[in-house]
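Q: Sharing a structure here in structure tokens format.
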């Protein structure tokens with residue numbers, strides 16, 4: 008019986024995120040203050056009051072989601088007596104959540120993580136002119152069919168697997184012209200529905216290469232420590248701990264596929280029975296259950312979540 012902590016990615020943000028944590032726990036308030044100071048921005052005010060369209064901007068959503076995850080971690084460790092190192096076998100995060108996972112495991116400082124995610128958000132947004140890229144979720148099919156859809160829709164444009172989330176949900180990313188062809192192409196290949204995603208850029212595809220270059224430069228300037236527990240990384244779907252490899256894989260992640268389905272299966276195969284989603288929302292907990300029905304999946308993101316979760320966390 009073993010525990011994994013997983014950390015959400017973009018899309019889970021909403022106005023009000025983290026506010027109850029800050030009001031209930033001094034340790035959480037500290038995290039939001041530290042992130043505000045690191046960025047020279049009242050990000051916490053934007054998180055709690057909006058406007059939503061500004062919070063949803065990639066450069067704000069990414070550090071905001073990380074801040075809530077780290078606020079939960081700080082409360083668990085400082086106020087609830089929980090030890091990640093002693094109790095958790097793996098950490099993993101979906102896309103930007105990989106940075107949250109690394110920060111939780113002590114590979115990055117909170118300040119460096121906030122700055123890296125701010126830069127990552129800006130670089131991803133700037134990599135492709137608005138309107139030229141798009142993303143779409145394929146429902147009802149798995150990776151094998153999604154690869155065929157991507158190949159058929161590309162027709163000289165870029166169309167790639169961005170996220171392999173679970174057995175019946177794969178996300179494509181690339182040129183808008185290619186993504187516009189996906190519904191018709193997909194119909195012939197058994198796709199139940201192709202849902203355009205409300206994103207501002209085509210993440211996790213070759214069009215993000217300028218952002219990957221920016222992150223390579225930024226990560227070279229940051230000290231990365233060995234995480235206290237292994238991180239199951241997005242592009243490998245296996246656990247790593249070496250700081251040089253972490254740096255390399257984070258750069259690859261910008262243009263590479265988030266292999267989430269395989270990451271969950273890897274953790275299960277290595278004895279994980281209980282997964283806790285740390286931060287805003289319950290998206291990953293739901294996906295985890297669809298990947299591996301045997302897993303127990305719980306979300307910890309509000310003050311009300313702590314007591315019930317702690318009873319099982321501390322007994323494992």
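Numbering (our numbering), first residue to last: 8 to 323. Positions of the beta carbon are idealized from the N, C-alpha and C atoms, including for glycine.
Going by C-alpha to C-alpha distance, which of 198, 89, 75 sits closest to residue 322?
A: By 1-based counting over the chain shown, the position of residue 322 is 315. Among 198, 89, 75, the Cα nearest to that of residue 322 is on 89.
Q: Have a look at 125, 109, 102, 116 and flag the residue whose alpha-carbon is nearest the alpha-carbon of residue 66.
A: As a position in the chain shown, residue 66 is number 59, starting the count at 1. Relative to residue 66, the option among 125, 109, 102, 116 whose CA is nearest is 125.
Q: What residue ranges within the stretch 138-191 form continuous beta strand (DSSP E) runs of no fewer than 3 residues, ordered along the chain?
A: 140-146, 166-173, 176-182
Q: Quick one, which of 180, 137, 185 has its alpha-carbon nearest residue 159's?
A: Here residue 159 is taken as the residue at index 152 of the chain shown, counted from 1. Here the closest residue by C-alpha is 185.
Q: Taking 7 Å as the threshold (C-beta atoms), are residue 92 and residue 235 in contact?
A: Sequence index remark: in the chain shown, residue 235 carries index 228 (1-based). Sequence index remark: in the chain shown, residue 92 carries index 85 (1-based). Yes, these two residues count as a Cβ contact at 7 Å.
Q: With DSSP collapsed to three states, give me the class of residue 325.
A: Outside the displayed span of the chain (8 to 323) sits residue 325, for which this structure offers no information.
Q: In the DSSP output, what is residue 283 paired with across the bridge?
A: Counting from one through the chain shown, the residue named residue 283 turns up at place 276. 12, 305.
Q: Hey, residue 104 and residue 250: beta-carbon distance below 7 Å or not?
A: Within the chain shown, the letter at position 97 stands for residue 104. Within the chain shown, the letter at position 243 stands for residue 250. In this structure, residue 250 does not lie closer than 7 Å to residue 104 by Cβ.
Q: Please confirm if the stretch 172-182 is in contact with the stretch 114-125, defined as three or more CB-CB distances below 8 Å between the two stretches.
A: A contact between stretches requires three or more CB pairs, one per stretch, nearer than 8 Å, and the stretch 172-182 fails this requirement with the stretch 114-125.
Q: Under 6 Å Cβ to Cβ from residue 304, same chain only, skipping five residues before and after it: list those, please.
A: Your numbering for residue 304 matches position 297 in the chain shown. 282, 292, 295, 296, listed in sequence order.
Q: Helix, strand or coil: how does DSSP classify residue 100 here?
A: Within the chain shown, numbered from 1, the residue matching residue 100 stands at position 93. Note: residue 100 maps to strand in three-state DSSP.
Q: Using C-beta distances below 6 Å, list every residue in its chain close to residue 175, excluding the 5 sequence neighbours before and after it, in chain order.
A: Position 168 of the chain shown, counted from the start, is the residue given in the question as residue 175. The answer, listed in chain order, is 147.
Q: Excluding the 5 residues flanking residue 183 on each side, which residues of the same chain have their C-beta closer than 7 Å to its C-beta?
A: Within the chain shown, residue 183 is the residue found at index 176, counting from 1. The residues are 138, 139, 140, 141.
Q: Can you find the residues in the same chain that come closer than 7 Å, C-beta to C-beta, to residue 324, ignoring five residues on each side of it along the sequence?
A: A query on residue 324 cannot be resolved here, the shown segment of the chain reaching from 8 to 323 and no further.
Q: Is the CB-CB distance between residue 208 and residue 143 below 7 Å?
A: Start at 1 with the first residue of the chain shown, and residue 208 comes out as number 201. Start at 1 with the first residue of the chain shown, and residue 143 comes out as number 136. Not a contact, by the Cβ cut-off of 7 Å.
Q: Do you know whose CA, among 272, 54, 10, lies nearest residue 287's CA?
A: Working through the chain shown from its first residue, we reach residue 287 at position 280. The residue with the shortest Cα to Cα distance from residue 287 is 54.
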